[in-house]
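Beneath this line is the structure, given in structure tokens, with notes to follow.
Protein chains: 2
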Amino acid sequence: MPITIKDVAKKANVAPSTVSRVIANSTRISSKTKENVRAAMSELGYHPNFNARNLVNQSTNMLGVVIPSASQTAFHNPFFPEVLRGITAKAHEEKYGLYVSTGQTDREIFAEVKEMVQSKRVDGVVLLYSKTDDPLVPFLIQESFPFVVVGRPPEPLLTEVSYVNNDNVKAAKLVTEYLLLLGHQDIGFIGGQKEAFVTLDHKTGYAKALEQAGVPLTEDYLVYYEELIEGGQQAVIELMALEKPPTSLVVADDLMALGVLRMLAEMGISVPGEVSVISFNNVMVSELASPPLTTLDIHIYQLGYKATELLKERIVDPQSPATSAVVGHTLVKRQSCGSRR
Amino acid sequence: MPITIKDVAKKANVAPSTVSRVIANSTRISSKTKENVRAAMSELGYHPNFNARNLVNQSTNMLGVVIPSASQTAFHNPFFPEVLRGITAKAHEEKYGLYVSTGQTDREIFAEVKEMVQSKRVDGVVLLYSKTDDPLVPFLIQESFPFVVVGRPPEPLLTEVSYVNNDNVKAAKLVTEYLLLLGHQDIGFIGGQKEAFVTLDHKTGYAKALEQAGVPLTEDYLVYYEELIEGGQQAVIELMALEKPPTSLVVADDLMALGVLRMLAEMGISVPGEVSVISFNNVMVSELASPPLTTLDIHIYQLGYKATELLKERIVDPQSPATSAVVGHTLVKRQSCGSRR
DNA sequence: GTGAAAGCGCTAACAT
DNA sequence: ATGTTAGCGCTTTCAC
């Protein structure tokens, strides 16, 4: 039989409400009573029951974190642990608990989110991805439930939802320009999942850079695979089999790039001697690749941290307009890119 | 104003208790009433409020997951995402939600666990580590709160707490013997955190193998560092500076081993030509090392999955005796070990 | 088979 | 500054 607020009240000779006020540290309680009550609390080993508190407060101090359905694979990509670190840090600062989704398929996840929203398991939701035609975003809007997405929502909703993102267009443009300046003309583009906004944006930035440099875009140079080692390997096969294979590669993700490097090595193609490789994310392993990967650091941790910050705002004031934040990027030059002159 | 059980009751012309029974799918409700009530529920878009339910049931259907305090760094080690995958999978099967700890220091974590236990935020706890003199285990025992540890508890508590572990002694013995059989005599031991039980066990297995082979143990060959790239690098410096440096290395963790490989490469020492390296865990990146790491797969996913299974048993029947499970290991031979003959 | 009513542990008017 | 009281939304005896 656990100790309740009533037990404390009795022990301290006050009303339950007084105890409640002491817990909330209300200013309208004399410091003497506070002392007494606190003494009684610790003497009895009292601890507030969160379920009771949640029920009356209609909130749980929990944040839901939704990891994409590819999570079996997703968790293999260091991106997720890293965003999680950022989310965790801010959540902890704000005294929020984290409820992580465990669904394995899109349908399961949708059901789970629905449940956590409608059953009020959490006060807000962080979506760790965004892709075209995702049902979650419309659902959350319709329920007018606080949420934030890491990445960006579809164009028409840009002003309606809070999100934090990199400027992926600019990012892709930058890396492409870097390759261009190194003298490369034949630049392959190894994109990630085709439905992901980040992929679309990368493509746009890549195309812009080429256009601006007056280099025609070769459709054959555009390939799309999952952000996994295997994806990178397959992409290389596809690209290197071309009549005129590219001399440099823009790769959507470090992990993919590792696959790329590996396949290239197997083919006896030297990096950066014959082919240059540049990728995105700057996940830890990119440093350990051989050669160490030149990559664009997108500040993943910040992404998570900022997202949680925005989410908190929305929870505290649900009426507040949707806001967004752009996290910068920085080029980390290592040894996978070489000059073509 | 959310829809409550009362609204449904009114709509269906029954009492709230009846609705409750329908939710619980009680057998003592006529199927006709069930139909009616369910119709009313979906028509109104009713969803049970978990906080209310939790309050009366005195449970939350949540599992707490405690990640070690080194989590800033820990999350960098793919071990954690991988156990999490296992936990997640089983939790989802059993319809449990996951509440992950967000504390950054040992003290914060302890406070957090205390809070989640005493405030009944979760029904049980998974401890993702175990080290000597950890206060969490005694605390949870004292509170007689259901929990399970991944790894092993201190000897005296072995029968009191549920845990799932590898046979780390045997594992370390195996890898050491492998090196021995390849003709190595001078085998360095790069352990992880000194307080961790896994480290102690590794050390024991290593020593056993040497003893059994009649090879004297050289104290200088034993070094301990954090399970991180940097740790591996420093360890190599320490070991290679010895008058008679080892010709092979048993490394506590793949990530460390990457650091080892790297530092060795910088020193111009070839692997496996001059020095052989073998490690534990078989985390994805070990395959991508150059040379690809020979490592002992400890089935991390299984560890998490099994742990959750045991935890569930304890929650369902808190009186049941503590149980434990041992997860096997398999040697994954790749290219970082060579013969010495 | 179904309803009435009490109560899980807490908070927040409202009263004093 | 403190006590009284009425719920929060649900489950569960106990009636009938």
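Residue numbers (the working numbering), protein chains in the order written: chain P, 1 to 341; chain S, 342 to 682. Every residue, glycine too, gets a C-beta built ideally from N, C-alpha and C. The structure displayed is predicted, hence computed values, not measured ones.
Per DSSP, what are the beta-bridge partners of residue i in this structure?
i, result
"MET403/S", "GLY438/S"
"GLY338/P", "Bridge partners of GLY338/P: none, in fact."
"ALA537/S", "LYS472/S"
"LEU563/S", "PHE530/S"
"ASP253/P", "Paired residues: none, contrary to the question."
"ASN281/P", "ASP297/P"
For residue i, which of helix, strand or coil comes out of DSSP?
i, result
"LYS674/S", "coil"
"SER665/S", "strand"
"LEU637/S", "strand"
"VAL348/P", "Any answer about residue 348/P is impossible in this case: the structure gives chain P only from 1 up to 341."
"SER485/S", "coil"
"SER589/S", "strand"
"SER611/S", "coil"
"SER42/P", "helix"
"SER617/S", "strand"
"ASP7/P", "helix"
"THR368/S", "coil"
"LEU602/S", "helix"
"GLY205/P", "helix"
"VAL424/S", "helix"
"GLN319/P", "coil"
"ARG462/S", "coil"
"ALA213/P", "coil"
"LEU520/S", "helix"
Just to confirm, does residue i get its C-beta within under 7 angstroms of one of the non-hydrogen atoms of the ligand GDP?
i, result
"LEU521/S", "This structure lacks the ligand GDP; in fact it carries no ligand of any kind."
Just to confirm, are residue i and residue j a CB contact at a threshold of 8 angstroms?
i, j, result
"GLY205/P", "ALA172/P", "yes"
"SER290/P", "SER631/S", "yes"
"PRO68/P", "PRO422/S", "no"
"ALA252/P", "ILE190/P", "yes"
"LEU515/S", "LEU637/S", "yes"
"LEU288/P", "ARG603/S", "yes"
"SER162/P", "ARG314/P", "yes"
"PHE538/S", "SER620/S", "no"
"GLN231/P", "GLY273/P", "According to the sequence displayed, residue 231/P carries Gly and not Gln. Cβ distance not < 8 angstroms, so GLY231/P and GLY273/P don't count as in contact."
"GLU650/S", "LYS431/S", "yes"
"VAL100/P", "VAL65/P", "yes"
"PRO78/P", "MET284/P", "yes"
"VAL616/S", "THR588/S", "yes"
"HIS388/S", "GLY103/P", "no"
"LEU652/S", "PRO495/S", "no"
"LEU551/S", "LEU558/S", "yes"
Between residue i and chain S, is the shortest Cβ-Cβ distance under 8 angstroms, so that the two count as touching?
i, result
"GLY97/P", "yes"
"PHE80/P", "yes"
"PHE110/P", "no"
"THR60/P", "yes"
"LYS120/P", "yes"
"LEU55/P", "yes"
"ALA307/P", "no"
"GLY273/P", "no"
"THR295/P", "no"
"THR88/P", "yes"
Since residue i is in the beta strand (DSSP E), which residue starts that stretch and which ends it?
i, result
"SER290/P", "No beta strand (DSSP E) contains SER290/P, which DSSP labels as neither H nor E."
"VAL505/S", "503 to 507"
What is the residue span of the alpha helix (DSSP H) that residue i lies within?
i, result
"PHE488/S", "Unbroken run through PHE488/S is the beta strand (DSSP E), 488 to 491; no alpha helix (DSSP H)."
"VAL14/P", "Element bounds for VAL14/P: n/a, residue is neither H nor E."
"GLY231/P", "229 to 240"
"GLN459/S", "447 to 459"
"ARG53/P", "50 to 57"
Counting only C-beta atoms, is residue i closer than 8 angstroms to chain P at any point?
i, result
"MET382/S", "no"
"PHE391/S", "yes"
"HIS670/S", "no"
"VAL424/S", "no"
"TYR603/S", "Note on identity: in this sequence residue 603/S is Arg, with Tyr being the wrong assignment. Chain P contact via Cβ: present."
"THR446/S", "no"
"HIS388/S", "yes"
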